[in-house]
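Have a look at the structure below before the remarks.
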Amino acid sequence: MTPNTSDTIPLLEDLRHSPHVCMAEAARAANRALSRYYGAYLDSAGIAPGQASLLMQLYYLKDIPVADFAARMRTERTTMIRNIAALERAGRVETFTPEGSRTRHVRLTDKGRSLLVDIVTRWDAAQNALKARLGAEEWTTLITALNALADLPGHLPGPDATS
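Numbering (my numbering), first residue to last: 108 to 270.
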């Protein structure tokens with residue numbers, strides 16, 4: 108069956124000649140750009156920006172239950188498990204179950220800490236260059252807005268929800 112191209116979708120037609128602003132689309136594009144940006148600083152160290160962020164947080168946390176770490180990083184537990192597994196295969200973190208507990212914990216290894224010593228200066232250079240490029244006011248505005256978005260509840264009412 109051939110689609111009927113004469114049918115139009117009014118809302119999309121209204122948006123056709125206006126700046127298309129979809130928050131999710133803009134956030135994904137910004138995330139990809141930031142990953143490339145930080146990646147340019149971190150690539151020669153052999154670590155991706157997301158993994159570097161996890162190592163930095165583990166430095167502060169020492170050891171933490173995996174589920175708590177996922178919540179702190181505002182990600183799904185299953186996503187965190189995959190990320191930890193990649194870091195564990197590289198010898199940068201280890202998971203363990205403390206005696207008397209049934210909960211898996213994660214912590215930096217010596218290899219992870221050594222890598223962190225190297226990447227923190229690269230990360231800092233990326234941060235400072237980005238701050239300089241954006242300017243202090245826009246930097247603060249963006250960080251505040253992104254944190255507000257990250258703190259949105261997981262399940263918001265849809266258009267069919269009743270109050």
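Note that beta-carbon positions come from the ideal geometry of N, C-alpha and C, so glycine has one too.
State the CB to CB distance for the pair THR216 and THR210, rounded to an integer number of angstroms; the pair is presumed to be in contact (CB under 8 Å). In the sequence shown, counting from the first residue as 1, residue 216 sits at position 109. In the sequence shown, counting from the first residue as 1, residue 210 sits at position 103. So it is not a contact: roughly 19 Å between Cβ atoms.
Whole-angstrom distance between ALA252 and TYR166, CA atom to CA atom: By 1-based counting over the sequence shown, the position of residue 166 is 59. By 1-based counting over the sequence shown, the position of residue 252 is 145. Answer to the nearest angstrom: the Cα atoms are 26 Å apart.
Have a look at THR228, ALA137, LEU222 and SER142 and flag the residue whose alpha-carbon is nearest the alpha-carbon of LEU194. To locate residue 194, count along the sequence shown from 1; it is residue 87. That would be LEU222, whose Cα lies nearest to the Cα of LEU194.
THR202 - containing beta strand (DSSP E), residue span: Walking along the sequence shown from the start, residue 202 turns up at place 95. Segment 200-203, the beta strand (DSSP E) holding THR202.
By how many angstroms is the C-alpha of ARG184 removed from the C-alpha of ALA174? Counted from its first residue, the sequence shown places residue 174 at position 67. Counted from its first residue, the sequence shown places residue 184 at position 77. Between ALA174 and ARG184, the C-alpha separation is close to 6 Å.
Classification of ALA243 by the beta-carbon crowding that lies within 10 angstroms, buried from 16 upward: Start at 1 with the first residue of the sequence shown, and residue 243 comes out as number 136. Exposed, by the Cβ-count rule.
With H, G and I counted as helix, E and B as strand and the rest as coil, what does DSSP make of VAL128? By one-based count along the sequence shown, residue 128 stands at place 21. Reduced to three states, the DSSP call for VAL128 is coil.
In this structure, does DSSP put PRO172 in helix, strand or coil? To locate residue 172, count along the sequence shown from 1; it is residue 65. Strand, per DSSP.
Using the three-state DSSP reduction, which class does LEU259 fall into: helix, strand or coil? Here residue 259 refers to the residue found at position 152 of the sequence shown. It is coil, neither helix nor strand.
Cβ neighbours of ALA257 in the same chain (closer than 8 Å, five flanking residues each side left out): Translated into the one-based positions of the sequence shown, residue 257 becomes position 150. Cβ within range, chain order: ARG181.
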